[in-house]
Every structure is written in structure tokens, then in C-alpha cells.
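Accompanying notes for the structure given below.
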Amino acid sequence: MARGVGAGILAGLAVSALGFGALSVTFPREVIQEDAATPEEAADVAIAVVPAPIEEAAPVGLPNSPDPVVAPMPLEMGPEIALPAPLLAPAPPAESAPVAAPAEAEAPTAPEITAAPEDAPSADALPQRPTVPARLANAIAFENPEGKPLLSLVLLDLPDQPVSANALAGAPGPLTVVVDARHGNGSARAEALRAAGAEIVVLGALRSEDEARRLAGIEGAVALLQAPSGDAAPVDPAAEKVIRAEGLGILLTNGTAPESLPAIRILRDIDGAGEGADAIRAALDDAALRAERTGAALLLGRLRPETLGVLSEWASDPARGVILAPVSALLPR
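Counting in my numbering, the sequence shown runs without a single skipped number right up to 333 at its last residue.
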């Protein structure tokens with residue numbers, strides 16, 4: 001079969017050659033001469049010749065004939081073809097803000113520690129706020145199941161006429177005793193009275209930070225009593241910081257206290273001028289009426305047998321519309 005196909009191909013080539021020769025013979029020579037063109041015209045004519053596709057075999061020239069001079073054909077541009085992205089030239093940067101690269105996760109850094117100035121106070125020198133304010137932590141137990149108005153009497157301890165702590169055992173209700181911090185045995189006296197069941201207030205001036213620290217240094221107190229003076233001196237700002245840090249209350253006989261401090265004003269002094277039993281009972285009656293109107297009243301007296309005796313008699317009347325209370329129950333929370 002391969003031989004047959006080869007013979008067919010050879011026969012076809014022979015027929016093509018005969019045909020080409022026949023075509024060459026049929027053209028008259030004079031026509032060929034008349035149409036002969038100059039080399040320049042031939043070049044122009046050659047430009048118009050469209051070359052055969054590359055896939056086809058190149059035409060076979062005649063024997064001993066010179067190669068025709070063919071001018072280069074102009075390149076015809078086809079439709080635009082999009083190139084793959086990697087071959088494209090980078091586009092000019094847009095005028096909009098550049099896109100920031102994704103931020104890398106930053107490792108946590110330790111906080112910077114700077115040295116404190118040489119003149120800065122140490123941590124121990126600064127007043128530290130207790131977890132529970134002293135006016136609550138040092139308060140004695142108190143209950144008011146009937147919700148009666150509160151009447152509190154704070155009694156000044158007299159260093160020159162001390163009353164035995166055991167004398168407080170027969171008191172008609174919870175008492176608050178004011179210890180004078182200006183005497184050297186203030187801390188020991190406060191400890192003994194507190195052991196006997198009394199609530200403790202410390203007496204002293206509040207005009208300096210040092211004085212406030214000395215008063216706050218007496219353990220077990222719930223409040224400070226500003227020492228009576230002729231002028232209504234306010235609490236010193238430095239002393240205020242100490243009092244607030246300790247969580248103490250303020251009892252005022254005159255003057256004013258900063259709004260940041262839990263303060264209460266004493267209504268009256270019931271025995272400071274040597275009043276007798278009748279005057280003391282009258283003062284207690286007036287304070288009870290005041291407490292019934294306002295909810296609470298605070299009196300100041302002295303820790304002496306006469307005052308304790310009148311108080312016990314007066315409080316024993318069950319018809320009283322008030323209840324004796326420690327001063328901590330009257331202080332703002």
C-alpha cells in the first residue's frame with residue numbers, strides 16, 4: 001500500500017510540471033515583452049505579492065534563474081491581544097494613599113520603669129487608704145430593731161479625774177469616750193476603754209499634717225474630735241488627706257469640715273459649765289425631741305460619775321422615743 005501511495009504522489013507531481021510548462025508556452029512572447037517592467041516597477045509589483053503561508057513549501061524557482069528581489073512586506077497589525085499579567089509593565093502609582101503592608105504582630109513589651117525623683121516621697125510616707133474605713137472597722141456592735149431615732153452622747157475622758165474603765169459596765173447603752181491625745185498615755189487609755197466596751201474618739205487639733213498623723217496613730221478610733229477653740233478654724237488641707245486616707249470621721253464643735261470627710265456636728269455641751277442633774281436631764285430631753293424631728297442628735301459631756309448617773313436614770317424610761325447609740329451609727333457611711 002505504501003508503494004501505491006508513493007506512486008500516486010509522483011504521478012501528481014509530473015502532471016503539475018506538465019501543466020506549468022503548458023502555461024508558460026501559451027503566453028505569447030511579445031505580450032511578455034510588452035508587459036516587462038523596469039526593475040523599479042518590478043519591485044513595486046513584488047510588494048503587492050502576498051507571500052504564501054509559512055506552513056506551505058517555498059516556490060521552486062526555474063533553473064538558472066536569478067532569485068527575485070522581494071521588498072519586505074509591511075506588518076499588518078491584528079487585533080490587540082492582552083498579555084499575561086507578569087508580562088505587563090507596572091502601572092504608574094495611583095494618587096490615592098498607598099496601601100500599607102499588613103502590620104506584623106508586635107510582641108508585648110515590658111512597661112518602662114523610670115526612677116522616681118530623689119525628692120519624691122517614699123510609698124511608706126504616703127497615707128494608704130485602708131481596705132475598710134476606720135469608722136466602720138472600729139465601730140462597736142449596735143442594733144436598732146425598732147428603727148428609733150438615734151441619740152448619741154460622747155464623753156470626754158478627764159486625765160486629771162480618770163474614771164475606772166470598769167465603771168462603764170453599768171452604762172445604760174453603748175457609750176463613746178473621747179481620749180485626749182495631748183496626754184502621753186492616750187494610746188494606753190484608749191486601749192483600756194475599748195476593752196471595757198466603749199467606742200473611741202480622739203481629741204486634738206487638726207491644723208497640720210503632723211498633728212493629724214499623731215491623732216490617727218491611736219489605734220481603735222472611729223473619729224477625731226476637733227479641739228474647741230475661740231475661732232472657727234477649718235481643717236488643714238494636709239490634715240484632711242490623712243483623715244480621709246484613714247477613713248476616720250470628724251466631730252465638729254465649731255468650724256467646718258471639707259465635704260470629702262464624713263462629719264457630724266455636736267448639738268450642745270450638756271455639762272461643760274458644771275451643770276447639775278436637772279440641767280443635764282433637760283438637755284437630754286431637748287436632744288431627744290431634736291432626734292425625733294431629724295432622725296439623730298449628738299451631745300457632748302464628761303466622763304464623770306454625776307453625768308453617768310443622770311444618763312442611766314434618764315435612759316431607763318421605756319417610753320423614750322429614741323435609742324442611745326454609739327457615734328459611729330450617726331456618721332455618714
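Beta carbons are placed, not taken as given, at the ideal position from N, Cα and C, and that holds for glycine.
None of these values were measured; they are calculated from a predicted model.
Within a 10 Å sphere around the beta-carbon of Asn138 sit 16 or more other beta-carbons, which makes this residue buried. Nearest C-alpha to Thr176 among Ile140, Leu136, Ala319 and Ala134: Ile140. Around the beta-carbon of Asp236, 16 or more other beta-carbon atoms lie within 10 Å, marking it buried.
CA-to-CA, the gap between Pro262 and Leu248 works out to about 8 Å. Within its own chain, the residues whose Cβ lies closer than 6 Å to the Cβ of Ala296, once the five positions on either side in sequence are excluded, are Leu150 and Leu330, listed in chain order. In the DSSP assignment, Glu199 forms a beta bridge with Thr176.
Proximity to Arg189 across Arg281, Leu298, Ala171 and Ser164 peaks at Ser164, based on C-alpha coordinates.
Remark: three or more beta-carbon pairs, one from each stretch, lie closer than 8 Å, so the stretch 288-305 and the stretch 254-274 are flagged as touching. As DSSP reads the structure, Gln226 sits in a beta bridge with Gly204. Just measuring C-alpha positions, the residue of Pro159, Phe142 and Leu206 sitting nearest Ser152 is Phe142. Here Gly186 is near Val179, since their CB atoms are less than 8 Å apart. When secondary structure is reduced to three states using DSSP, Arg268 falls in the strand class. Residues Ala134 and Ala216 of the same chain have their beta carbon placed closer than 6 Å to that of Glu246, with the five preceding and five following residues left out of the count.
The beta carbon of Gly321 is closer than 6 Å to those of Glu292 in its chain, skipping five residues each way along the sequence. Around the beta carbon of Thr131, a 10 Å sphere encloses fewer than 16 other beta carbons of the protein chains shown; the residue is thus reported as exposed. By a beta-carbon distance limit of 8 Å, Ile200 does not contact Arg207. Their separation comes to about 22 Å. In the DSSP assignment, Leu153 is bridged to Leu299.
Its chain contains Ala165 as the residues whose beta carbon lies nearer than 8 Å to that of Ala192, once the 5 sequence neighbours on both sides are disregarded; these appear in chain order.
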